[in-house]
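6 is the number of the first residue of the sequence shown in my numbering; add one for each residue after it. We put the CB at the ideal spot given by N, CA and C, even for glycine. Take a look at the structure below.
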Amino acid sequence: MLVLAVAAFVSSCAEPPQADIDAAQASVKAAEQAEAPKYASAEYQALQDSIRAISTELEVQKNKFALFRSYDRVKQTALATKSNAEHVATLARENKAKAKAEAETALNEAKAAVTAAKEALDTAPVGKDNKADIAQMKSDIAGIEAQVPGVESAISSEDFFGAKDKAVAIKSSADNVKSQVDAAIAKYQEKHPKWKPKVKK
Numbered sequence: 006m007l008v009l010a011v012a013a014f015v016s017s018c019a020e021p022p023q024a025d026i027d028a029a030q031a032s033v034k035a036a037e038q039a040e041a042p043k044y045a046s047a048e049y050q051a052l053q054d055s056i057r058a059i060s061t062e063l064e065v066q067k068n069k070f071a072l073f074r075s076y077d078r079v080k081q082t083a084l085a086t087k088s089n090a091e092h093v094a095t096l097a098r099e100n101k102a103k104a105k106a107e108a109e110t111a112l113n114e115a116k117a118a119v120t121a122a123k124e125a126l127d128t129a130p131v132g133k134d135n136k137a138d139i140a141q142m143k144s145d146i147a148g149i150e151a152q153v154p155g156v157e158s159a160i161s162s163e164d165f166f167g168a169k170d171k172a173v174a175i176k177s178s179a180d181n182v183k184s185q186v187d188a189a190i191a192k193y194q195e196k197h198p199k200w201k202p203k204v205k206k
């Protein structure tokens with residue numbers, strides 16, 4: 006009878022669901038390798054919180070008398086964490102692709118803005134009154150254009166957020182130069198109504 010009682014006691018003692026815990030941790034690691042900390046940061050932080058919750062609950066159960074231990078919450082959290090981690094990994098990959106596309110679009114828009122400013126400068130009239138201003142604007146747009154390779158380099162190194170920010174700044178600067186050129190042309194036309202801008206062939 007004593008042997009049976011001991012056997013029953015041992016069999017009733019719950020054990021941690023180690024396989025589920027390991028699977029959850031592996032899935033979180035996979036999400037990390039998918040660059041979730043960068044491209045799905047809030048969701049990845051939630052995964053880290055879940056892993057900490059598992060660790061905390063394991064410690065709580067460890068401190069209980071063996072007969073009263075229950076790892077149901079640990080198992081449920083581990084299963085949910087694994088599922089969530091798989092979703093986060095997918096989300097990170099999608100967000101990375103989106104960030105790359107946005108950076109490339111911003112780069113193209115920046116290049117177009119630089120080209121538009123240069124073309125406007127090419128058609129601008131140059132006289133003694135505005136010669137220095139036109140020269141300054143040409144210098145400005147040359148400096149702005151010189152920043153474009155930095156955006157391309159950032160995209161190549163997968164710094165998509167940084168690349169987009171730089172490209173947006175380049176476009177803004179180029180647009181500003183073009184606005185100045187357009188204003189200068191308009192002012193010149195007021196004084197010289199018969200003047201027509203050169204048509205680019």
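The C-beta distance from Leu-63 to Pro-21 rounds to 6 Å, short enough to fall under 8 Å. Measuring C-alpha to C-alpha distances from Glu-124 to each of Lys-192, Ala-179, Ala-168, Ala-106 identifies Ala-179 as the nearest.
Bounds of the alpha helix (DSSP H) holding Phe-165 are 165-196. Runs of the beta strand (DSSP E) lying entirely within the stretch 57-96 and spanning at least 3 residues: none are present. Annotation for Ser-161: the continuous alpha helix (DSSP H) segment containing it runs 153-161. Just measuring C-alpha positions, the residue of Val-173, Ala-19, Lys-196, Ala-36 sitting nearest Ala-108 is Val-173. Distance from the CA atom of Ala-36 to the CA atom of Asp-77, rounded to whole angstroms, is 25 Å. Non-local beta-carbon contacts of Ala-90 in its own chain, meaning distances under 8 Å to residues more than five positions away in sequence, involve Ala-29, Ser-32, Val-33, Ala-35, Ala-36, Leu-52 in chain order. For Lys-143, the enclosing alpha helix (DSSP H) starts and ends at 136-150.
By the beta-carbon neighbour count (other beta carbons within 10 angstroms, threshold 16), Glu-48 is buried.
Cα atoms of Ala-122 and Lys-183: separation of roughly 5 Å, rounded to the nearest angstrom. Comparing alpha carbon positions, the residue from Lys-201, Gly-148, Ala-111 closest to Phe-166 is Ala-111.
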